[in-house]
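As structure tokens, the structure follows; a few thoughts come after it.
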Amino acid sequence: MGSAVERTDEHVREYLVYRGFTNTLKHLDTEIKTDKEKGFRVDKIIDQLQQFIQSFDLFGLKDYWLYLDRRLFSRLEDVYRSTVNKLRTSLYRYYVINTIQKGNLEKTHEFFQKQALELQGQVEWRDWFILPFIPAPEQNPAFSPYFSRQWADTFLVSLHNFLSVLFQCMHILEKPVLLSFDAEVQKMTSLLEDNEQLRQLLFALQTESRDQRDGDEMVHHKLPAYVQNMDRLGDTELEMVSSQRAASTVATPSRNFFSTFLPQGRRTPGKPPQVTTGSSPSQVAVGRKDPPTSQVRANWKILHSSFKILKVSPFDGVIKVWSFNPILQTKATIMSKSPLLSLEWATKPDRLLLLGSGVGTVRLYDTDTKKNLYEMNIDETHPRILSLACSPSGSSFVCSAAALSRSGNVELVPRLPLTVSGQLLLWDTKTVKQQLQFSLEPEPVAINCTAFNHNGNLLVTGAADGVIRLFDMQRYESAMSWRAHDGEVYSVEFSYDENTVFSIGEDGKFIQWNIHRCGVKQSEQLLPQDATGPFVLSGYSGYKQVQVPRGRLFTFDSEGQHVLTCSSSGGVIYRLTNGEPALESVLSLGGHKAPVVTVDWCSAVDCGTCLTASMDGKIKLSTLLAQKS
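Structure (structure tokens):
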């Protein structure tokens, strides 16, 4: 609502300038500056209330709240009147507590003198009249909760949410035609984008049909190896071969163990792609084909199949969801009272988000209805939800829960070398109940990262003890485990053909492991420190913030031949090679002023999109343009 009002105000200004109504424009600007509704911007309304409180302006605070009550709250149904009264009571208490905390007892006495007639008959204020005469009210059991930062934050979040919901349901007010015009513009933009996607899809199908007819004659229009088979995962159901698995120990698994899980007809990556720089440092021109939607979804986490993008401020407890079609639009804003440490898009339906907190809870959030569907309590002894991974079938998800470390806030400082206790749990998404707890040998340890293979039959994890564990999700047991890194494992992913696993660890190494031969390396590459962390953000006066890696540190293109990693100013794209070195630098994606801490990559419609997110909260989307060779 607020953004629509802002855009409408700009359109009105342009019209007045066009017509030469300068006096009317001046009056409009003057009234906008004194607008008490702040253009229906919740953040500005909250700021105005806090300004009155911080300046001890009781008259202004009461007058502004009465205006909101007459203009907005009075039009609500009677069932919401109690909520409005509770918010007003909390607002006045917030004012009184602020006067005491700032040592301005004169304003405290003034409040109770001026509000005595109004408040003395209310039960919730009966005990508050003695507050100015208590020597240390912050230590009094009856008043100490109101002096905590938690109470103040809870009140402000509640007020923010109440106003946000109110403005989203503005049917209680008569909506002017001009605001409806903005909605029509957005609808038309969406329709035009859908039409363009369908046109490109038709063109791609026509081109593919013509290529099949002409065969080898179309040499000059042949796509490079980077994209020739980009859509092969989504075209047909992968052929699976079932075979009887012999009993074996974790240390020496059978050679035929993975015949049940891995497709036999899957091809290894082709020749290295021919990549050339485009018109800007953030672009690369490569030939490609349009992959099916199902394959795109399988590759998204931060960047979603429907171009939904997440921005997470974990210590502020705020998540923003944007859609990109073709411009960025805020779809949802999620506020949490506790820090958020992990998140995952649900597989089915894809509008749902799993949010893991630092207080032992996992929330299931619907980004369409903007509501919490469930909140699951995991384990009080292991409150940090470090990783979430949803099974491709959508029926379950795994959750990594870890105990608190002795360093306090482990997200801002490097972890202690002491191994932290942890659990790996399997939850059913339909019944919202825990199915089982995986056995972690030789001892329970914190799992930092998790990843499923394409059909959910295998789960790979990286832990704080430097061990990679591979789980059989049909038997729900560990198939093999091996010491992978000196220090913690920060990030793991299956390779394109799923015959190997890639990992990045605390030792700064990017290693490829053969999952048919336990603990056997296929390649190893030492990465720069800014690609593996810990990430350091320096400021003025010697200020330094250190962040331990959390989330995806590398990601592959849809062909599995290129990998995108973090860097101090953006991302770096490497080509995977079969020789030494294992990685060959291809392209740098700049644009950041702070270290990049997580990356994602997807190819969709007519281009590929790389996402890089940095410590200062900035997200950058880099488009890899497609052209025929």
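Residues 1 to 629 (UniProt numbering) are what the sequence shown spells out, left to right. A virtual CB, placed ideally from N, CA and C, is assigned to each residue, including glycine. Owing to the predicted nature of the structure, the values given are computational and were not obtained by experimental measurement.
DSSP three-state assignment for residue i, whether helix, strand or coil
i, result
"residue 472", "strand"
"residue 5", "helix"
"residue 36", "coil"
"residue 134", "coil"
"residue 438", "coil"
"residue 404", "coil"
"residue 424", "strand"
"residue 453", "coil"
"residue 240", "Note that residue 240 has pLDDT 31, beneath the 50 cutoff, so the model's placement of it is unreliable and no number is given."
"residue 393", "coil"
"residue 615", "coil"
"residue 351", "coil"
"residue 338", "coil"
"residue 510", "strand"
"residue 344", "strand"
"residue 192", "helix"
"residue 433", "strand"
"residue 621", "strand"
Opening and closing residue of the beta strand (DSSP E) in which residue i lies
i, result
"residue 479", "477 to 483"
"residue 384", "384 to 390"
"residue 375", "371 to 377"
"residue 494", "489 to 494"
"residue 524", "520 to 526"
"residue 365", "361 to 366"
"residue 466", "Taken as a continuous stretch (DSSP letters only), residue 466 belongs to no beta strand (DSSP E), as it is neither H nor E."
Chain-order list of residues whose beta-carbon lies under 8 Å from that of residue i (same chain, five-residue window excluded)
i, result
"residue 109", "132"
Exposed unless 16 or more other CB atoms sit within 10 angstroms - verdict on residue i
i, result
"residue 222", "Bear in mind that a pLDDT of 39 at residue 222, under 50, signals an unreliable position, so the model cannot answer this."
"residue 566", "buried"
"residue 506", "buried"
"residue 51", "exposed"
"residue 483", "exposed"
"residue 203", "exposed"
"residue 369", "exposed"
"residue 383", "buried"
"residue 552", "buried"
"residue 380", "exposed"
"residue 557", "buried"
Residues that residue i bridges to, as DSSP identifies them
i, result
"residue 55", "Answer is none; residue 55 lacks a bridge partner."
"residue 632", "Look at the range of the chain in this structure, 1 to 629, and you will see that residue 632 is not part of it."
"residue 535", "547"
"residue 630", "Because the chain spans 1 through 629 in this model, residue 630 falls outside it and cannot be assessed."
"residue 574", "563, 585"
"residue 503", "492, 511"
"residue 600", "611"
"residue 46", "In the DSSP output, where bridge partners are listed per residue, residue 46 has none listed."
"residue 185", "Note: residue 185 sits in no beta bridge, so no partner."
"residue 462", "449, 468"
Range of the contiguous alpha helix (DSSP H) that encloses residue i
i, result
"residue 165", "149 to 168"
"residue 96", "81 to 101"
"residue 21", "Here residue 21 belongs to no alpha helix (DSSP H), and DSSP marks it neither H nor E."
"residue 105", "105 to 114"
Cβ shell of residue i (< 6 Å), same chain only, five flanking positions each side left out
i, result
"residue 564", "555, 571, 573, 599, 601, 610"
"residue 465", "419, 445"
"residue 545", "537"
"residue 16", "24, 25"
"residue 533", "549"
"residue 98", "53"
"residue 421", "403, 444"
Distance cut-off 8 Å: residue i Cβ against heavy atoms of the ligand MN
i, result
"residue 554", "Ligands in the displayed structure: none, and consequently the ligand MN is not present."
Proximal residues to residue i (C-beta, below 7 Å), its chain only, five neighbours per side dropped
i, result
"residue 596", "566, 567, 570, 571, 612, 613, 614"
"residue 89", "124"
"residue 585", "572, 574"
Beta carbon proximity, residue i to chain D, threshold 9 Å
i, result
"residue 61", "The structure shown contains no chain D, having only a single protein chain."
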